[in-house]
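Have a look at the structure below, then the notes.
Numbering (this note's numbering), first residue to last: 763 to 1283.
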């Protein structure tokens, strides 16, 4: 891959600051050691807090819950009896394993390469950052699976176009995380958050409008357009030039395990064209079969009420559906181009994909124990409730209160990366509180989503960061967590400002943020 020669000019202040952040971040221990140290830190701190008699009163509970100390008989019994469960029930584990198996088959059959060449072969190179950004936003309909599927595909697109694959990889990761749930489509996340909002609004239910999965739709549509442009500019004007300036992409890039990407041309061989036709037909058959399970009245994918919201087998089957639409066309393509000659070919490709998961599995083991201890001890709830109390004591009533709330959520998101868990804790306090000073629950939910997304790309507690680090090290072996954090920081800052800007416009114009959902009661 040709890469522009780095200029001998002195880097600007912004680049020097990012370089310093990267160097400092890379001095952190490797992820396994880091989370092991964090586990020990929480173990000691929880024991001290328990000794001091600290407690937290969760919304909806009658009395306080005591902080539990790890270095106690109860703590030792908890770890020895739940260690395996903590690991096996670690929420991202099943998603990651399943998706990487599907992506591995789709990549190793050659289908993804052919599809990228066919789809983007005639696209101008300058447009690719914006296409990648928009694709990553639209892929949020796959929920967390988008964080695993889209970045490596974006790297492939960039590499085949003669652009920097790391720019595609990290640009897609930034958009998939720091802009999470900002999509032009209604997703399972919308349904999940709206259900939590309505439950939290019950004490003041006669004041607020019922929150639906489309209550934030107008904000999401506005942000989708704006963040697509912002992400494309950041990839094109900040991330990729910085990679080229630092020399990443010349001596360091190595991807020996993956097949060399051909030049990005729409010209395919007869076998490849036939393979894509087979893949297309198999995809249509798969979609038709899924629709037969979804659309008819009383279909298996509907809930007991015959609908899809707020919960249904359909919303719980997102990972299965994504896996299916990856694997079935890939197998059809592989059978046509002869990269699959039997079931042993499929098992071999899946086994090779498991090799890519090794580092993640090791880190996920200790990360799952750390997060389980953080939750079991009660410290995560204590931090969230204290943050809520701090904001409540500020006694804001205007837009300053909304900004303060977003800041609190942004900071808490560094520690509690599960959006549903964090919203469950905060909504019970803030939805009634803001309703009493005149704000709709749906608007507070929209404000929450800003803070809940922006720092997802930065926090080491994001389990998908380990996956991206593994992808990154195929191109840049010396990369560490500091590398990702430094390169994600511009996206986090810009996305946060843009998202808050959109929310500000809605606030001061009084425009509806979704069908039937205003800002003030």
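Ideal Cβ placement from N, Cα and C applies to all residues, glycine included.
If you check the beta carbons only, do residue 1174 and residue 1145 fall under 8 Å apart?
As a working note, residue 1174 is residue 412 in the chain shown. As a working note, residue 1145 is residue 383 in the chain shown. Contact flag set, yes.
Taking only three categories from DSSP, how would you classify residue 1124?
Translated into positions along the chain shown, residue 1124 becomes position 362. Here residue 1124 sits in helix by DSSP.
Return the bridge partner residues of residue 817 from the DSSP annotation.
For the purposes of this step, residue 817 is taken as the residue at position 55 of the chain shown. DSSP, once it has assigned bridges, lists 828 as partnering residue 817.
Kindly identify the DSSP beta-bridge partner or partners of residue 1279.
Sequence index remark: in the chain shown, residue 1279 carries index 517 (1-based). Per DSSP, 1276.
Note down the Cα distance separating residue 1239 from residue 847, rounded to an integer number of angstroms.
Sequence index remark: in the chain shown, residue 1239 carries index 477 (1-based). Sequence index remark: in the chain shown, residue 847 carries index 85 (1-based). Near 33 Å, if we compare the C-alpha coordinates of residue 847 and residue 1239.
Short check: CB of residue 1253 to CB of residue 901, under 8 Å?
Counting from 1 along the chain shown, the entry for residue 1253 is found at position 491. Counting from 1 along the chain shown, the entry for residue 901 is found at position 139. No.
Could you give the first and the last residue of the continuous alpha helix (DSSP H) run that contains residue 1039?
Taking the first residue of the chain shown as position 1, residue 1039 is located at position 277. From DSSP, the alpha helix (DSSP H) with residue 1039 extends over 1032-1056.
Are the beta-carbon atoms of residue 1134 and residue 844 separated by less than 8 Å?
Position 372 of the chain shown, counting from 1, holds the residue named residue 1134. Position 82 of the chain shown, counting from 1, holds the residue named residue 844. In this structure, residue 844 lies closer than 8 Å to residue 1134 by Cβ.
On a Cα-Cα basis, can you pick out the residue from 1222, 866, 1224, 805 that is closest to residue 1117?
Residue 1117 sits at position 355 when you count from the first residue of the chain shown. Residue 866 is the option with its Cα nearest to residue 1117.
Under 8 Å: do the region 859-879 and the region 1028-1039 share three or more Cβ pairs, one atom per stretch?
Output reads yes: the region 1028-1039 touches the region 859-879.
Let's test the definition: count the other Cβ atoms within 10 Å of the Cβ of residue 1047 and tell me whether it reaches 16, buried, or not, exposed.
The residue given as residue 1047 occupies position 285 in the chain shown. Per the 10 Å Cβ criterion, exposed.
Taking the CB atoms as reference points, tell me whether residue 1087 and residue 1045 lie closer together than 8 Å.
The residue given as residue 1087 occupies position 325 in the chain shown. The residue given as residue 1045 occupies position 283 in the chain shown. Contact: yes.
May I have the straight-line CA-CA distance separating residue 1030 from residue 1043, to the nearest angstrom?
On the chain shown, residue 1030 is found 268 positions in, with the first residue counted as 1. On the chain shown, residue 1043 is found 281 positions in, with the first residue counted as 1. Whole-angstrom Cα-Cα distance: 18 Å.
Counting only runs that start and end within the region 835-888, where is the alpha helix (DSSP H) found for 4 or more residues in a row?
The qualifying runs are 835-850, 853-870, 873-882.
What's the call for residue 889, buried or exposed, on a 16-neighbour Cβ count within 10 Å?
As a first step, residue 889 is located in the chain shown; it is residue number 127 there, counting from the start. Classification of residue 889: exposed, given that the 10 Å Cβ count is below 16.
Is residue 1237 buried or exposed, if buried means 16 or more other CB atoms sit within 10 Å of its CB?
Counting from one through the chain shown, the residue named residue 1237 turns up at place 475. When all chains shown are included, residue 1237 counts as buried.
Using a Cβ-Cβ cutoff of less than 7 Å, which residues in the same chain neighbour residue 929 once the five nearest sequence positions on both sides are dropped?
As a first step, residue 929 must be located in the chain shown, where it is residue number 167. Counting only Cβ-Cβ distances below 7 Å, and skipping sequence neighbours, we find 920, 997, 1001, 1002, 1005.
Short of 6 Å in beta carbon distance, which residues of its chain neighbour residue 962, apart from the five on each side in sequence? Order them along the chain.
Residue numbering aside, residue 962 sits at position 200 when the chain shown is read from its first letter. Correct list, in chain order: 1189, 1190, 1193.
Would you tell me roughly how many angstroms separate the C-alpha atoms of residue 855 and residue 1120, rounded to the nearest one?
Start at 1 with the first residue of the chain shown, and residue 855 comes out as number 93. Start at 1 with the first residue of the chain shown, and residue 1120 comes out as number 358. One C-alpha to the other measures close to 12 Å.
Figure out for me which residue from 792, 984, 943 has the closest Cα to the Cα of residue 1268.
As a position in the chain shown, residue 1268 is number 506, starting the count at 1. The candidate whose alpha carbon is nearest that of residue 1268 is 984.
For the alpha helix (DSSP H) that residue 1190 lies in, which residues bound it at each end?
Indexing the chain shown from 1 puts residue 1190 at position 428. Its alpha helix (DSSP H) spans residues 1181-1198.
Please report how far the alpha carbon of residue 793 lies from the alpha carbon of residue 1283, in whole angstroms.
Taking the chain shown and counting its residues from 1, one reaches residue 793 at position 31. Taking the chain shown and counting its residues from 1, one reaches residue 1283 at position 521. Cα to Cα, the separation comes out at about 46 Å.
Could you give the distance in angstroms between the alpha-carbon of residue 892 and the alpha-carbon of residue 956?
The residue labelled residue 892 in the question sits at position 130 within the chain shown. The residue labelled residue 956 in the question sits at position 194 within the chain shown. Cα to Cα, the separation comes out at about 30 Å.
In terms of DSSP beta bridges, what is residue 1201 paired with?
Here residue 1201 refers to the residue found at position 439 when the chain shown is read from its first residue. Residue 1201 is bridged to 1282.
Would residue 809 and residue 832 qualify as a contact pair, given that the criterion is a beta-carbon distance under 8 Å?
If you number the chain shown from 1, residue 809 lands on position 47. If you number the chain shown from 1, residue 832 lands on position 70. Result yes, Cβ atoms of residue 809 and residue 832 sit closer than 8 Å.
If you measure between the beta carbons of residue 1209 and residue 1265, is that distance less than 8 Å?
By 1-based counting over the chain shown, the position of residue 1209 is 447. By 1-based counting over the chain shown, the position of residue 1265 is 503. Yes.
To the nearest angstrom, how far is it from the Cα of residue 837 to the Cα of residue 1207?
Here residue 837 is taken as the residue at index 75 of the chain shown, counted from 1. Here residue 1207 is taken as the residue at index 445 of the chain shown, counted from 1. Taking the straight line from one Cα to the other gives about 35 Å.
Does DSSP classify residue 1232 as helix, strand or coil?
Within the chain shown, numbered from 1, the residue matching residue 1232 stands at position 470. DSSP places residue 1232 in helix when its eight states are reduced to three.
Report the option in 887, 1217, 1138 whose CA atom is closest to the CA atom of residue 839.
Residue 839 sits at position 77 when you count from the first residue of the chain shown. Residue 1138 is the option with its Cα nearest to residue 839.
Alpha carbon to alpha carbon, how far is residue 917 from residue 1231? Give it in angstroms, no decimals.
Mapped onto the chain shown, residue 1231 falls at position 469. Mapped onto the chain shown, residue 917 falls at position 155. If you take the alpha carbons of residue 1231 and residue 917, they lie about 13 Å apart.
Just to check my reading of the structure: residue 1112 and residue 863 have Cβ atoms closer than 8 Å, yes? What is that Cβ distance to the nearest angstrom?
For this step, residue 1112 is matched to residue 350 along the chain shown. For this step, residue 863 is matched to residue 101 along the chain shown. Right, their Cβ atoms sit about 5 Å apart.
Inspect the beta-carbon positions of residue 1204 and residue 990 and report whether they are closer than 8 Å.
Here residue 1204 corresponds to residue number 442 of the chain shown, with the count starting at 1. Here residue 990 corresponds to residue number 228 of the chain shown, with the count starting at 1. Result no, Cβ atoms of residue 1204 and residue 990 do not sit closer than 8 Å.
With the cut-off set at 8 Å, would you say residue 1059 and residue 1068 are in Cβ contact?
Reading the chain shown from its first residue, position 297 is the one you call residue 1059. Reading the chain shown from its first residue, position 306 is the one you call residue 1068. For residue 1059 and residue 1068, yes; Cβs fall inside 8 Å.
In this structure, does DSSP put residue 1246 in helix, strand or coil?
Indexing the chain shown from 1 puts residue 1246 at position 484. Three-state DSSP puts residue 1246 in a helix.
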